[in-house]
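Novice: One point on numbering: in my numbering, the residue at position 263 of the sequence shown is 874, and numbering is uninterrupted. C-beta: ideal position from N, C-alpha, C; glycine also. From a predicted model like this one, the values you see are computed outputs, not experimental measurements. The structure under discussion is supplied below as structure tokens; questions concerning it will follow.
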Amino acid sequence: MRKLIAIAGIILISAGIVSAKGLKTYKAIYKKNMEKIILSHGMNMTDLRHQYTKTLDALLTQVKQTGDLDKTMATINEIKRFKKEKNMPNEASATPEIQNQQIFFAQKTSVYEAEKTKSIMSIVSKYDCALEGLQKKLVINDEIDEAQKVQKERKEILKAEAYISAQAFLKEKEKKTAVTVVKKIGCLRTTGDVLAAAIEQKAKFVVQFDKLSASIGTIRPGAALFGVYDKDTQSWEVWSSSHPGGPDYHYVYGYPGGGKVGSLRKAVRPSDNNINLWNVTFSFDEEGNVFYPLGTKQVVGHLQVPSKKGSANK
């Protein structure tokens, strides 16, 4: 799905057709890829429902063999309810075996919804970015009527049900995680893309290691590290009052030329959802979760880009 979005974004931005036909082309590409996103999510949910049904059927066979009438009836009733409603109940089952499966279903649903939301926000932002460029070119070419049509389309995409649902999901996630969502940088609107884009544009960031259980080099549990990335030199300037050797000293690691401290063995780029802090590379996701070691989903902290009114230390 990520490859799909990336390819679609490249097509949208690079097409460069300045005419009514250009708008028509953009709309067709956008519609096609939005349909693929919705279809992919639908297939995921269909598979999950099928898996839940199979698990309940297996559970029914199991509890019958124990002779437990209450669990048997609870399982039968859940099978009937789910066949009709196709979703989780407002209140979890009192039967532990069923409750565990309901929790798993809800967690997977949340994961799939997050994936769909990220894809929708990404394709909408790229579409809007392409239309913004097209609109400007049409105005420059004195095609005002066509420019107004593009402007109208840009407003319409923000009223689409899929986009509104995605926005609502992000706001709900923001409330639960207390992770600040950067609303817009350039043409981007998705959380993960915006974090990466903000860092690439030299925005100060902070990583709070509130989930770290043991020190990683000079990075201690609970530490707050502040930093800035320089895309031109591919260097990471990071500082913290918690550094044991040089509190608030700005340590710089770069690639390939190195920095004030030393050089990195390979380039570390925010666009790859990676950050480097004092020569240690971490990954991050669209919610600002920071993972270590690389390639794992072990959360060790949280990444934020403070607002201009906020503080980013020194």
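I'd like to check one pair, Ser-874 with Tyr-864: are the Cβ atoms closer than 8 angstroms?
Specialist: One-based indexing of the sequence shown puts residue 864 at position 253. One-based indexing of the sequence shown puts residue 874 at position 263. For Tyr-864 and Ser-874, yes; Cβs fall inside 8 angstroms.
Novice: Is it buried or exposed, Asn-900, if we count other Cβ atoms within 10 angstroms and call 16 or more buried?
Specialist: Here residue 900 refers to the residue found at position 289 of the sequence shown. So Asn-900 counts as buried.
Novice: Enumerate in chain order the residues of its own chain whose CB-to-CB distance from Gln-712 is below 8 angstroms, with the five nearest sequence positions on each side excluded.
Specialist: In the sequence shown, the residue the question calls residue 712 occupies position 101. If we look at Gln-712 and ignore the five residues flanking it on each side, its Cβ neighbours are Tyr-663, Thr-666, Leu-667 and Leu-670.
Novice: Can you tell me which residues form a DSSP beta bridge with Asp-841?
Specialist: Translated into positions along the sequence shown, residue 841 becomes position 230. In the DSSP output, where bridge partners are listed per residue, Asp-841 has Ser-846.
Novice: Which first and last residues belong to the beta strand (DSSP E) in which Gly-865 is found?
Specialist: To locate residue 865, count along the sequence shown from 1; it is residue 254. Here the beta strand (DSSP E) through Gly-865 covers 862-865.
Novice: Could you pull the start and end residues of the beta strand (DSSP E) that Thr-892 belongs to?
Specialist: Residue mapping note: residue 892 aligns to position 281 of the sequence shown, counting from 1. Where Thr-892 is concerned, the enclosing beta strand (DSSP E) stretches over 891-895.
Novice: Where does the unbroken beta strand (DSSP E) through Val-916 begin, and where does it stop?
Specialist: Here the question's residue 916 lines up with position 305 in the sequence shown. Per DSSP, Val-916 lies in no beta strand (DSSP E) segment and is marked neither H nor E.
Novice: Distance check for Asn-644 and Met-612, CA to CA, integer angstroms please.
Specialist: Position 1 of the sequence shown, counting from 1, holds the residue named residue 612. Position 33 of the sequence shown, counting from 1, holds the residue named residue 644. Because Met-612 sits at a pLDDT of 47, beneath the cut-off of 50, its placement in the model cannot be relied upon, and the point is left open.
Novice: Going by CA-CA distance only, name the one from Tyr-903, Asp-896, Lys-691 and Gln-915 that's closest to Val-722.
Specialist: Counted from its first residue, the sequence shown places residue 722 at position 111. It is Asp-896.
Novice: Given this structure, state the Cα-to-Cα distance separating Thr-907 from Pro-881, to the nearest angstrom.
Specialist: Along the sequence shown, one-based indexing puts residue 907 at 296. Along the sequence shown, one-based indexing puts residue 881 at 270. Answer to the nearest angstrom: the Cα atoms are 17 angstroms apart.
Novice: What residue range is occupied by the uninterrupted alpha helix (DSSP H) comprising Val-901?
Specialist: If you number the sequence shown from 1, residue 901 lands on position 290. Element bounds for Val-901: not the alpha helix (DSSP H) but the beta strand (DSSP E), 900-902.
Novice: Based on the DSSP output, what are the partners of Ser-824 in its beta bridges?
Specialist: Position 213 of the sequence shown holds residue 824. None; Ser-824 has no bridge partner.
Novice: Assuming Leu-806 and Val-916 form a contact by the criterion Cβ under 8 angstroms, report the distance between their Cβ atoms to the nearest whole angstrom.
Specialist: As a working mapping, residue 806 is identified with position 195 in the sequence shown. As a working mapping, residue 916 is identified with position 305 in the sequence shown. Right, the Cβ-Cβ distance comes to about 6 angstroms (below 8 angstroms), so this counts as a contact.
Novice: Going by beta carbon distance, what residues of the same chain come within less than 6 angstroms of Ile-690, once the five residues before and after it are set aside?
Specialist: For the purposes of this step, residue 690 is taken as the residue at position 79 of the sequence shown. So the qualifying residues of the chain are Leu-667.
Novice: What's the gap between the Cα of Asp-658 and the Cα of Pro-855?
Specialist: For the purposes of this step, residue 658 is identified with residue 47 of the sequence shown, where counting begins at 1. For the purposes of this step, residue 855 is identified with residue 244 of the sequence shown, where counting begins at 1. Those two C-alpha atoms are separated by around 51 angstroms.
Novice: Tell me, which residues are paired with Ser-874 by DSSP?
Specialist: Residue 874 sits at position 263 when you count from the first residue of the sequence shown. Partner residues in the beta bridge of Ser-874, as assigned by DSSP, are Gly-865.
Novice: Residues bridged to Ile-709 by DSSP?
Specialist: Counting from one through the sequence shown, the residue named residue 709 turns up at place 98. For Ile-709, which the question treats as bridged, DSSP gives no partner whatsoever.
Novice: Is Ala-771 helix, strand or coil by DSSP?
Specialist: For the purposes of this step, residue 771 is identified with residue 160 of the sequence shown, where counting begins at 1. Ala-771: coil per DSSP, three-state reduction.
Novice: In or out: Lys-729 buried (at least 16 other Cβ within 10 Å) or exposed?
Specialist: Here residue 729 refers to the residue found at position 118 when the sequence shown is read from its first residue. The residue is buried, with at least 16 neighbouring Cβ atoms inside 10 Å.
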